[in-house]
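Have a look at the structure below, then the notes.
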Amino acid sequence: MSDAQRTAVIFGLANKRSIAWAIAQKLHEAGWRLAITYQNERLEQEAKDLITELPGAAGFMCDVSHDEQIARLFEELKNRYGTLHGLVHSVAFAPAEELKGEFLSTTREGFRIAHDISVYSLVAVARAAAPLMTAGGGIVTMTYYGAEKVVPRYNVMGVAKAALEASVRYLAHDLGPKNIRVNAISAGPVKTLAARGIAGFGDMLKSHAERAPMKRNVDTAEIGATAAFLLSEAGSGITGETIYVDCGYNIMGF
Ligand code: NAD
Ligand code: 0WE
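Number 301 marks the last residue of the sequence shown (the numbering used here); no jumps.
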């Protein structure tokens, strides 16, 4: 089947800076029909204004911390589209206090929330999507280098991303026989809503660009293009993988 007839659902659109938006634009360009979700009423207007820019795309509200909202969304997707071929998970959250100070100070509730929203939600949406992926499919999630090396103040999110990357491998094992591939993109730092308000983020961007072999930071369009590649026929032999889109930052030892 050609890309032009395929349908994907994207989670995590907040605004035009969202990685989810860059992925939506690239998938749209590649001819995908898109269902794009946003978290709540607060983000609804901005999300809907963006979604209108992509002919054929539709918007849906879904807070991934609620099982019944996930169930309702996939019921709607089943009725509207029947079959799904792609799923993009671009969602993460930890309480702001957890991204300050020491990892040692992580609270039980902060740990729970970070893992519920940033990790378990992938398992929940993959399970709901699989029965609609009757012709096989692809799932892509977003991760960060703080999963494998210590990035001060990324703290519990680093632990959650490590669990996310492991979840990608276990999901790839479970869904491989159904011809559903599951991969992660490890993106270099990008100034999105999720990065705003993080102390020293500007300095981090600067030092990342200096250390990366390409001497610059990644563009969200490059992340979008990689997601489109992974979900396309060109990615048909890749599953359980974490692909770096970081201008080479992760390969450096010094
Ligand atoms: P963003 O703020 O635009 O996107 C995060 C999204 O998560 C938002 O749309 C938010 O509404 C959504 N979300 C949070 N809690 C939710 C919930 N309970 N239910 C549904 N949605 C919820 O920021 P972004 O940088 O585009 O982040 C997208 C993904 O990329 C995240 O997984 C993030 O960890 C990852 N990432 C970001 C960077 C970066 O530097 N910005 C780098 C690597 C990976
Ligand atoms: O994954 C992320 C950020 C995820 C994130 C951001 C926020 C800010 C607002 C999760 N939860 C929240 N909660 C909030 O209240 N990134 C990869 C970007 C990021 O965040 C950092 C980083 C980098 C890089 C935090 C500290 C240090 C580095």
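The beta-carbon is built from N, C-alpha and C at its ideal position, and this holds for glycine as well.
The model shown is predicted, which means the values in this text are computed figures rather than measured ones.
For residue i, three-class secondary structure by DSSP
i	result
Ile164	helix
Asn226	coil
His132	coil
Ile245	coil
Ser279	coil
Gly284	coil
Gly184	strand
Ala51	Model confidence at Ala51 stands at a pLDDT of 47, short of 50, so the residue's coordinates are unreliable and nothing is read from them.
Ser112	coil
Thr99	coil
Thr289	strand
Phe121	helix
Glu195	coil
Near ligand 2: residue i beta-carbon under 8 angstroms from a heavy atom
i	result
Ile245	yes
Ala209	no
Leu198	Checking the sequence shown, residue 198 turns out to be Val, not Leu. At least one heavy atom of ligand 2 is nearer than 8 angstroms to the Cβ of Val198, so yes.
Bridge partners - residue i, DSSP secondary structure assignment
i	result
Ile83	Ile57 and Gly106
Ser233	Thr190 and Tyr291
Buried or exposed (CB count within 10 angstroms, at least 16 for buried), residue i
i	result
Met261	exposed
Ala51	Only weak support is given to the placement of Ala51: the predicted model assigns it a pLDDT of 47, under 50, and the question is left unresolved by the model.
Val111	buried
His136	buried
Ser65	buried
Lys196	exposed
Ala175	buried
Asp293	buried
Leu240	exposed
Gln92	exposed
Ligand 4 heavy atom lying under 8 angstroms from the CB of residue i
i	result
Asp110	Absence of ligand 4 from the depicted structure is noted, with ligand 1 and ligand 2 being the only ligands included.
Residue i to residue j span [Cα, whole Å]
i	j	result
Val206	Gly249	23 angstroms
His255	Val170	31 angstroms
Gly271	Gly157	30 angstroms
His75	Gly106	14 angstroms
Lys95	Pro236	26 angstroms
Thr190	Arg127	30 angstroms
Cβ-heavy atom distance, residue i to ligand 1, below 8 angstroms
i	result
Gln86	yes
Ile164	yes
Ile186	no
Asn121	The sequence shown places Phe at residue 121, not Asn. Every heavy atom of ligand 1 is 8 angstroms or more from the Cβ of Phe121, so no.
Leu60	yes
Phe301	no
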